[in-house]
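Below is one structure, written out as structure tokens; comments come after it.
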Amino acid sequence: MKKIGIRISFVLLLLFLIACENNTKLDNTLSKVNLSDREKILLSSASDESFVFEFQADDKYKQVSLWVEKYEFGRLTEENIGRMTTEIEENGMLIFSISKMSFDEEIIIFNMSVGDDASSSKITTHQVLPTESQSIWGSNPLESIPITDQMVLATICYAKGNGMSSPSTEFYAVMDNRIGEIANYDVVYVWKSEFH
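Quick note, in the working numbering, the sequence shown goes up one by one and the last residue is 232.
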């Protein structure tokens with residue numbers, strides 16, 4: 037009986053050590069968070085649309101930058117809208133939320149946040165929307181997004197008329213090679229991130 041107890045203890049110790057090893061191994065990726073219904077309700081009460089990503093980054097990455105780029109008919113017209121750079125821990129979240137306000141003109145408000153166990157940072161900026169436009173929202177559809185130079189995380193496309201569709205999976209992976217996909221849109225906002 038004593039030998040069985042020792043064997044069970046040994047197996048449990050091995051499982052614990054393997055679990056600890058797996059928890060400390062970071063894979064330098066981002067992944068879209070599957071929100072609960074409650075979390076969706078909370079986010080929708082504060083914004084029209086939200087994109088939430090978790091990241092796991094090893095200790096060579098000390099900071100993350102977030103920003104929005106504006107394209108008109110496929111041509112870059114504004115870069116680094118609301119750019120923020122902040123220090124990070126190994127695990128955390130990136131949150132991008134959008135709200136629309138109507139005054140004399142339609143305004144879109146971008147909120148970008150970075151949070152981890154130690155701290156959080158946020159920046160808010162706005163843009164004037166094109167008039168009489170329809171919109172379509174999309175985010176990087178990959179389940180696991182490897183951390184690379186500049187990553188496209190989400191898009192908001194505006195156009196007059198019908199027949200809109202989100203950019204393809206390839207657009208999010210290699211945007212520079214697929215810029216033609218957004219050439220027919222009046223305005224496209226692209227949310228990007230970069231780890232340093």
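All C-beta atoms in this analysis are idealised placements derived from N, C-alpha and C, irrespective of residue type, glycine included.
Bear in mind that the values here come from a model prediction, so they are computed numbers and not experimental data.
Other residues of its chain near residue i: CB distance less than 6 Å, five sequence neighbours each side excluded
i: Q163; result: I144
i: L79; result: S86
i: L165; result: E142 and I144
i: Y194; result: P166, S169, S171, D222 and V223
i: E206; result: R214
i: P177; result: T205
i: S67; result: E90 and S180
i: L102; result: M120, M148 and S229
i: T122; result: V150 and S157
Residue i classed as buried or exposed, judged by whether at least 16 other C-beta atoms fall within 10 angstroms
i: N70; result: exposed
i: K228; result: buried
i: S171; result: buried
i: G41; result: At G41, the pLDDT of 42 sits below 50, so the modelled position is not reliable; the number obtained from the coordinates is stated separately. So G41 counts as exposed.
i: P203; result: buried
i: M137; result: exposed
i: G128; result: buried
i: I131; result: buried
i: T113; result: exposed
i: F231; result: buried
i: E57; result: Only weak support is given to the placement of E57: the predicted model assigns it a pLDDT of 44, under 50, and the value that follows is read from those uncertain coordinates. Exposed, because fewer than 16 other Cβ atoms sit within 10 Å of the Cβ of E57.
Counterpart residues of residue i in DSSP-defined beta bridges
i: D152; result: G128
i: Q186; result: In the DSSP output, where bridge partners are listed per residue, Q186 has none listed.
i: L112; result: Y107
i: I145; result: S135 and H162
i: E123; result: Q99
i: T191; result: G174 and V226
Boundaries (first-last residue) of the alpha helix (DSSP H) holding residue i
i: A209; result: T205 to A209
i: R214; result: First-last for R214: undefined, no H or E at that position.
i: S81; result: D73 to A82
Proximity test, residue i beta-carbon vs the ligand COA heavy atom, cut-off 8 Å
i: I131; result: For the structure depicted, the ligand COA is absent and the ligand set is empty, with no information on it obtainable.
Where the beta strand (DSSP E) through residue i begins and ends
i: L66; result: T65 to K68
i: E85; result: E85 to Q92
i: Y225; result: V223 to F231
i: S201; result: Note, S201: premise wrong, no beta strand (DSSP E); not H, not E.
i: S175; result: Q170 to S175
CB-CB length for residue i against residue j, believed under 8 Å
i: G174; j: T160; result: Actually they do not touch by this definition, with Cβ atoms about 22 Å apart.
i: D63; j: Q92; result: 6 Å
i: S169; j: S157; result: Between S157 and S169 the Cβ distance is about 31 Å, and since that is not below 8 Å, they are no contact.
i: G7; j: G216; result: Outside the shown range of the chain (37 to 232) lies residue 7, about which nothing can therefore be said.
i: V104; j: V188; result: That pair is no contact at about 11 Å.
i: E125; j: D153; result: 6 Å
i: Y107; j: I218; result: 6 Å
Spatial neighbours of residue i in its chain, beta-carbon cut-off 8 Å, leaving aside the 5 residues before and after
i: S83; result: S133, I134, S135 and N147
i: T65; result: F91, Q92, S180, I181, P182 and I183
i: K61; result: Reliability fails at K61, whose pLDDT of 46 lies under 50, so the model's placement of it is uncertain and the value that follows must be treated cautiously. So the list is empty, once near-sequence residues are dropped.
i: N198; result: Q170
Own chain partners of residue i with C-beta closer than 7 Å, once the 5 adjacent residues on each side are dropped
i: M200; result: Q170, I172 and C193
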